[in-house]
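> Note that the protein sequences, when read in sequence, are chains A and B.
Count the first sequence with my numbering and you get residues 25 to 245, in order.
Count the second sequence with my numbering and you get residues 25 to 284, in order.
We put the beta carbon where it would ideally sit given N, CA and C, even for glycine.
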Amino acid sequence: MVREPLIRLEGVCFGYDPARPVLDHATLTLAAGERVALVGDNGSGKTTLLHLVVGLLKPAAGTVWAFGRERRIERDFTEVRARAGLLFQDPDDQLFCPTVLEDVAFGPLNLGRRPAEARAIAEATLADLGLGDFGARITHRLSGGEKRLVTLATVLAMQPDVLLLDEPTVGLDERSLRRLTELLEARPQAMLIVSHDGAFRERLATRVASLREGRINDACP
Amino acid sequence: MNAGDSAEGWAAGDVRFRMLSDTTLDPRTRLLAAVAFAIVVTALHDRAALAVALAMAAAAVLVAGVPARMLLRRVLALDGLMLVVLATLPFTVPGEPLASVAGLSASREGLGQAMAIAVKANAVLLMLLALLSRVLAPALGHALGRLGAPPALVHLLLFTVRYLDVLTAELARLRRAMTARGFRPRTDRHTWRSLGWLVGMLMVRSFERAERVLAAMKCRGFDGRFRSLDDDTRLAAADAVFGCGAIVLLTGLLWLEAGW
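Following this line, the structure appears as structure tokens:
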């Protein structure tokens, strides 16, 4: 069975410093229903790769395909960002509104929802994650684990088809980790997961791709 | 967690958040009224009019129930400055001599002007506290935006509120790391250089943080315009009544100023 890939990076090259390329003709495919774990050493370009998918960085060479189209310019990526939700490493980068409800509603509002609709979506998303009473909480006063779950809510509120998770388990205690794992397991979205946590990968991933010296060794072409 | 003194009234404390839901007036109404009051009071010269304005502001503070501690702290901070004005202006404004200290003479005109400035400043401060001290900074930011303030300023206000704590924590972390390696501030080259690096590092980190925040916002569809859940709240009857009342009172002040 050949599935139409949701996302495909093809021969992508990228380097912050031209003398030391981070990605060197890297190729990776993510299809519907897959949960791909991306592994590699510190600084091997895992975060860079996620940022290339949503167009926060642009490749020096190679192509980014997403949702049936090649994506080149900033405007192409507006749709990609709405359909591929990126969870950042540091929740403090992602939560910038004063209250949780406002933060979760930020994405839907940007997608053109009316305030009343956005509020309803935000409340439903929070309830779905078991955070129903979090709406009025102040974002910078949440605990680390709470911040992580709320950032997940902010991404899910945009109803994405794909989740891009950048070290989602860092700094979580046992209970928060278990909760996050269960929540993610129950999600239908395809996922690209960057994590150093072996047990977490084991539990979630359907496939592992490893990034080494700028290239990706993908178990499946 | 304590947000620190400078952030008091800005930090969105849980208690304050609850207070906000009790308030009936739209932040935009409060802002406009406060600005109008400030403009009118600044233009006044007549002593009776100034006295009435100060009385109005004091009454507003009582009605609004501004916490006594906050009131006292703000008023003292302002009046410390006003004492300087009161002490210096009479000596620098020419006019009918009133008294002389160490060969310098104080003028009646100077004293009058200094008093007027002190009364105006206090009246405006009291009215600002009465109208705006219970509005959360984010709500204030959105209100400014909806009143047509430049988006850049509104964003600056909103982000300052959100990231003040993060930056303070970052600074504290760096300071602790320095202390842990035996750093004690002295007045020598090593100290100045180390403090310079501390400030520099804080700026670099803030800049990088800002880039990451912007990236995260773009990922959620941010296109330069801040949308808010309050974007479709409408002004209510209370705002209309309050607005009309404010216009009547301010016109009254100007009428007093014009000399009946």
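Anything in the region 98 to 112 of chain A with a Cβ closer than 8 Å to a Cβ of chain E? List those residues in chain order, please.
The question asks about chain E, but that chain is absent: this structure's protein chains are A and B.
> Under 9 Å Cβ-Cβ, which residues of chain B neighbour residue 158 of chain A?
Simply none; closest approach about 13 Å.
> Using the DSSP secondary-structure output, state which residues sit across from residue 279 of chain B in a beta bridge.
According to DSSP, which records beta bridges pairwise, residue 279 of chain B is partnered with nothing at all.
> Identify each residue in the region 240 to 253 of chain B for which the Cβ-Cβ distance to at least one residue of chain A is less than 8 Å, and report them in chain order.
From the region 240 to 253 of chain B, only 240, 241, 242, 243, 244, 245, 246, 247, 251, 252, 253 have a Cβ closer than 8 Å to chain A.
> What three-state label does DSSP hand residue 94 of chain A in the structure shown?
Residue state, collapsed to three classes: strand.
> Would you kindly work out how many angstroms separate the C-alpha atoms of residue 257 of chain B and residue 145 of chain A, rounded to a whole number?
When rounded, the distance between both Cα atoms is 18 Å.
> Taking the beta carbon of residue 212 of chain A as the centre, do at least 16 other beta carbons fall within 10 Å, making it buried, or is it exposed?
So residue 212 of chain A ends up on the exposed side.
> Which bits of chain B does residue 239 of chain A rub up against, with CB to CB less than 9 Å?
Residues of chain B passing the Cβ test: none, with the nearest at roughly 25 Å.
> Work out the CA separation of residue 279 of chain B and residue 117 of chain B for me, nearest whole Å.
Distance between the alpha carbons of residue 117 of chain B and residue 279 of chain B is about 28 Å.
> Is the beta carbon of residue 71 of chain A sitting closer than 9 Å to the one on residue 190 of chain A?
Cβ distance < 9 Å, so residue 71 of chain A and residue 190 of chain A count as in contact.
> Contact between the region 140 to 157 of chain A and the region 103 to 111 of chain A: three or more CB pairs below 8 Å?
These segments do not touch.
> Check whether the region 220 to 238 of chain A touches the region 59 to 71 of chain A, taking contact to mean three or more Cβ pairs, one atom from each stretch, closer than 8 Å.
Because the criterion of three Cβ pairs below 8 Å is met, the region 220 to 238 of chain A and the region 59 to 71 of chain A touch.
> What is the DSSP secondary structure of residue 214 of chain B, counted as helix, strand or coil?
In this structure, residue 214 of chain B counts as helix in the three-state DSSP scheme.
> Using 8 Å for Cβ pairs, my map puts residue 166 of chain B next to residue 254 of chain B. What's the rounded Cβ distance?
Rounded, the Cβ-Cβ distance is 6 Å, consistent with contact.
> Residue ranges of each beta strand (DSSP E) run of no fewer than 3 residues wholly in the region 97 to 184 of chain A, ordered along the chain?
If we require 3 residues or more, the beta strand (DSSP E) runs fully inside the region 97 to 184 of chain A come out as 108 to 111.
> What's the C-alpha gap between residue 97 of chain A and residue 43 of chain A?
Answer to the nearest angstrom: the Cα atoms are 25 Å apart.
> Taking only beta carbons into account, state which residues of the region 30 to 46 of chain A come closer than 8 Å to chain B, listed in chain order.
Residues: none.
> Give me the DSSP bridge partner(s) of residue 234 of chain A.
BP columns for residue 234 of chain A point to A/63, A/241.
> Can you list, in chain order, the residues of its chain whose CB lies under 8 Å from that of residue 99 of chain B, leaving out five sequence neighbours each side?
146, 149, 150.
> Are the CB atoms of residue 100 of chain A and residue 79 of chain A within a distance shorter than 9 Å?
Contact: yes.
> Going along the chain, which residues of its own chain have a beta-carbon closer than 7 Å to the beta-carbon of residue 239 of chain A, five neighbours each way excluded?
Closer than 7 Å at Cβ, skipping near neighbours: 48, 49, 50.
> Across which residues does DSSP place residue 252 of chain B in a beta bridge pair?
According to DSSP, which records beta bridges pairwise, residue 252 of chain B is partnered with nothing at all.
> Measure the beta-carbon distance from residue 245 of chain B to residue 135 of chain A and round it to whole angstroms, keeping in mind my assumption that it falls under 8 Å.
The pair is a contact, with the Cβ atoms about 5 Å apart (cut-off 8 Å).
> What does DSSP give as the partner residues of residue 29 of chain A in its beta bridges?
DSSP output for residue 29 of chain A lists A/55 as bridge partner(s).
> Counting only beta-carbon separations shorter than 9 Å, does residue 183 of chain B have a partner in chain A?
For residue 183 of chain B, the answer is yes, since a Cβ of chain A falls inside 9 Å of its Cβ.
> Quickly, what does DSSP pair residue 189 of chain A with across the bridge? List them, please.
Beta-bridge pairing links residue 189 of chain A to A/111, A/217.
> Considering only their Cβ atoms, is the gap separating residue 154 of chain B from residue 182 of chain B smaller than 9 Å?
The answer is no: Cβ separation not under 9 Å.
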